[in-house]
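These notes concern the structure reproduced below.
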Amino acid sequence: MKAFAQLFLSLDETNKTNEKVRILKDYFINVPDTDKMHMLALFTGRKPKRQINTTLMRNWAIEASNIPAWLFEESYHVVGDLAETMSLLMPQNTISSNKTLTEWIAEINTLGDKNEEERKLWLMDSWAMLDGQERFVFNKILTGSFRVGVSQSLVIKALADVAGLEPATLTHRIMGSWMPETYHYKQLVEEQSAGDNISRPYPFFLAYPIQETSEKQRSVEELQSTLGDSSDWQAEWKWDGIRSQMIKRDGKIFIWSRGEDLATEKFPELHPFLNALPDGTVLDGEILSFRNGLPLPFNVLQTRIGRKNLSKKILEESPVAVIAYDCLEYAGEDIRTKTQSERRVILERLHAATPYPEVFNISVMIDFNTWAELAAKREQSRAMIAEGIMLKRKNAAYQVGRRRGDWWKWKIDPLSVDAVMIYAQKGHGRRADLYTDYTFAVWDGDKLVPFAKAYSGLTDVEINKVDNFIKRNTIEKFGPVRTVKPELVFEIGFEGINRSTRHKSGVALRFPRILRWRHDKPKEEADTLDSLKALLGE
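Quick note on numbering: the sequence shown equals residues -1 to 536 in this note's numbering.
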């Protein structure tokens, strides 16, 4: 654990990419193979199952710290992170431990067989033998809140250098469902292990965004200078669903989400079309709710996401289908190096042969001759229940991760309203001492009605100014939340809006964020609830 805790601390202390890669390589070189795999699992979101709930941990931490509960809670509100609060308040360790990361996680995994008192004794003993930094990382793992400021691509690059492999090869090998207890380092780095899992998806190719602007329409001249001749590109609608890979190998079918969740059983409507595909086929596409051959808004699909049991009612209210837009494997052959146009021909051939056209759709090509024509068609996105347009270079291979150049997403300008900040709460991590999480409201008559929370979009300088205002203009305190004098106005952008019976405002927003601070607007000129609801029609 000492080496892993030091890795976490060292990565947190630098923002230089090359230095992070060096730190990661040093770790991989100096720890046992088992620790390499457990670290890789943690850094790619494969956390051990939570064995102790947060309430129990909090109560036991108060006991171990020997302080009143109110003081612990006040400390937590200041620090903003439970794992860090627990590590800071406890006395220094009285003994030391040389257990490896693998050994600690093995102990965590056995806690499911222990009763509550046994778990408490184990946790108290564990805290006593870890120093402050080790205890912080240990708590992060236990609470399931482990995150680190380094991308998966950097971890892969460092390990690929150490193992003598291509990063793309290694990326593919860690896709899918594996755990470090059963998937060993030797299997990972040996060449013959690359295709030993028939369920394994390919790494997703991600589009690079054409940035939002404050203009109503991005200039055609800018598209021309960035992308070149329009005839080199194909355009499709950008759908708002669940990005997925659908696999048929060895007579078995698998559905993977982009988050590497195996979702085969969550979409039973798709099984017949997948079973009808030729063996050795992998499709990339979007799963959406569909009715009468038309896609439905994402909030309809949301009603079935996360449900363990799909009732007949849910299946009837939110039926799903696929819009496929790429083929990655055909007849058992990896065809990602073929051009976009060549892969499209194969995809169209599969679609033409399906006996299930009601659930197996392919992305429709948008016909255009000039960038100006495409810009005009982009304005139809909301009417199509789409987020905008995807642009794909016709001769592009299917790559790994987000790559600038061959795939672009050109999203429509967000919907927006001007709103008044009425509540604030402190952030987490490096912003734990700053008010960065805000609640916004619009006018309903002479009252301000809250409708959205947002925490992104401001610069560090702006955050400091807002924080200063909040501290000088707090009206009431409710635990960590501050009621703020309603004075500051911000433009809030969002991707979509839907009716909601769970919110006081009657609406729910999709991906709200701060577009800009409206210094020029007094609170009286903020938008109304009626103007917000009028956007439901869009």
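The C-beta atom is built at its ideal place from N, Cα and C for all residues, glycine as well.
With 16 as the cutoff for other CB atoms within 10 Å, does residue i come out buried or exposed?
i                 : result
lysine 18         : buried
tryptophan 312    : Going by the sequence as given, residue 312 is isoleucine instead of tryptophan. It is exposed - the Cβ of isoleucine 312 has fewer than 16 other Cβ atoms within 10 Å.
serine 454        : exposed
lysine 469        : exposed
tryptophan 68     : exposed
methionine -1     : buried
serine 229        : exposed
glutamate 314     : exposed
valine 343        : exposed
serine 94         : exposed
valine 459        : exposed
isoleucine 303    : exposed
glutamine 215     : Annotation note: pLDDT 48 at glutamine 215 (below 50); position unreliable, coordinate value reported separately. The residue is exposed, with fewer than 16 neighbouring Cβ atoms inside 10 Å.
valine 362        : exposed
lysine 264        : buried
methionine 537    : Residue 537 cannot be examined here, being either before or after the span of the chain that is shown, -1 to 536.
lysine 403        : One detail in the question is off: residue 403 reads as glycine in this sequence, not lysine. Exposed, by the Cβ-count rule.
isoleucine 172    : buried
phenylalanine 509 : exposed
serine 541        : Outside the modelled stretch of the chain, which goes from -1 to 536, sits residue 541, for which no answer is possible.
isoleucine 90     : The sequence given here places glutamine at residue 90; isoleucine does not occur at that position. Glutamine 90 should be labelled exposed.
glycine 257       : exposed
histidine 517     : exposed
glutamate 61      : exposed
phenylalanine 41  : buried
threonine 457     : exposed
serine 223        : exposed
isoleucine 154    : buried
leucine 119       : exposed
arginine 480      : buried
lysine 336        : buried
arginine 586      : Absent from the structure is residue 586, since the part of the chain shown begins at -1 and ends at 536.
serine 212        : Low confidence applies to serine 212: its pLDDT is 44, below 50, so where it sits in the model is not reliable, and the reading given next is rough at best. Label assigned to serine 212: exposed.
With residue i as the anchor, note down where its alpha helix (DSSP H) starts and where it stops.
i              : result
serine 151     : 150 to 161
alanine 233    : First-last for alanine 233: 231 to 237, but that is the beta strand (DSSP E), not the alpha helix (DSSP H).
glutamate 71   : 67 to 77
isoleucine 172 : Neither: isoleucine 172 is in no alpha helix (DSSP H) and is coded neither H nor E.
threonine 53   : 52 to 63
valine 29      : First-last for valine 29: undefined, no H or E at that position.
leucine 348    : 338 to 351
tyrosine 183   : 183 to 187
tryptophan 102 : 99 to 107
aspartate 259  : It is not in any alpha helix (DSSP H) - aspartate 259 carries neither H nor E in the DSSP assignment.
serine 95      : Here serine 95 belongs to no alpha helix (DSSP H), and DSSP marks it neither H nor E.
lysine 531     : 527 to 532
serine 223     : 218 to 225
alanine 3      : 0 to 10
Mind checking which residues open and close the beta strand (DSSP E) that includes residue i?
i              : result
tryptophan 254 : 250 to 255
glutamine 90   : Where glutamine 90 is concerned, there is no enclosing beta strand (DSSP E), given that its DSSP letter is neither H nor E.
methionine 244 : 240 to 247
isoleucine 196 : Unbroken run through isoleucine 196: none, as it is neither H nor E.
lysine 475     : 472 to 476
arginine 48    : Note, arginine 48: premise wrong, no beta strand (DSSP E); not H, not E.
threonine 481  : 479 to 482
For residue i, write down the residues that DSSP places opposite it in a beta bridge.
i              : result
isoleucine 495 : Leu507
proline 448    : Ala439
leucine 204    : Arg400
tyrosine 453   : None; tyrosine 453 has no bridge partner.
asparagine 359 : Ile321
tryptophan 515 : Phe488
lysine 424     : Tyr433
tyrosine 328   : Glu331
methionine 542 : This structure does not reach residue 542, given that the chain is present from -1 up to 536, and the question cannot be answered.
- [ ] Go through the region 368 to 416 residue by residue and report every complete run of the beta strand (DSSP E) that reaches 3 residues or more, in order.
- [x] As far as the region 368 to 416 is concerned, its whole beta strand (DSSP E) runs of at least 3 residues are 384 to 391, 405 to 409.
Task: Whole runs of the beta strand (DSSP E) within the region 261 to 309, excluding any shorter than 3 residues - done: Those beta strand (DSSP E) runs which fall completely within the region 261 to 309 and span 3+ residues are 279 to 289.
TODO: Would you be able to state if there are at least three C-beta pairs under 8 Å between the region 384 to 397 and the region 427 to 442?
DONE: In short, these stretches do not touch, since the Cβ pair count stays below three.
Open item on the list: Closer than 8 Å is the cut-off here; do at least three beta carbon pairs connect the region 285 to 302 with the region 325 to 332?
Closed with: As far as the Cβ criterion goes, the region 285 to 302 does not touch the region 325 to 332, which means the pair count is below three.
Task: Contained alpha helix (DSSP H) runs [length at least 4] in the region 109 to 150, N- to C-terminal order - done: Counting whole runs of 4 or more residues, the region 109 to 150 contains the alpha helix (DSSP H) stretches 114 to 126, 130 to 141.
Task: At least three beta-carbon pairs within less than 8 Å, the region 436 to 444 to the region 511 to 526 - done: They touch, by the three-pair rule.
Task: Validate contact between the region 371 to 379 and the region 352 to 359 using beta carbons, cut 8 Å, 3 pairs - done: Two segments are said to touch when three or more pairs of C-beta atoms, one from each, lie closer than 8 Å; by this definition the region 371 to 379 does not touch the region 352 to 359.
- [ ] Determine contact between the region 22 to 29 and the region 0 to 7, defined as no fewer than three beta-carbon pairs at a distance below 8 Å.
- [x] Under the 8 Å Cβ criterion, the region 22 to 29 counts as touching the region 0 to 7, having at least three qualifying pairs.
Open item on the list: If contact is defined by three or more beta carbon pairs under 8 Å, each pair taking one atom from either stretch, is the region 71 to 78 in contact with the region 93 to 108?
Closed with: Too few Cβ pairs lie closer than 8 Å, so no.
Open item on the list: So, does the region 491 to 511 touch the region 406 to 414, judging by three or more C-beta pairs under 8 Å?
Closed with: The region 491 to 511 is in contact with the region 406 to 414.
Open item on the list: Count Cβ pairs between the region 157 to 165 and the region 112 to 125 that sit closer than 8 Å; are there 3 or more?
Closed with: The region 157 to 165 and the region 112 to 125 do not touch, with fewer than 3 CB-CB distances between them shorter than 8 Å.
Task: Cβ contact (3+ pairs, closer than 8 Å) linking the region 267 to 284 and the region 242 to 249 - done: Cβ pair count under 8 Å is three or more, so yes.
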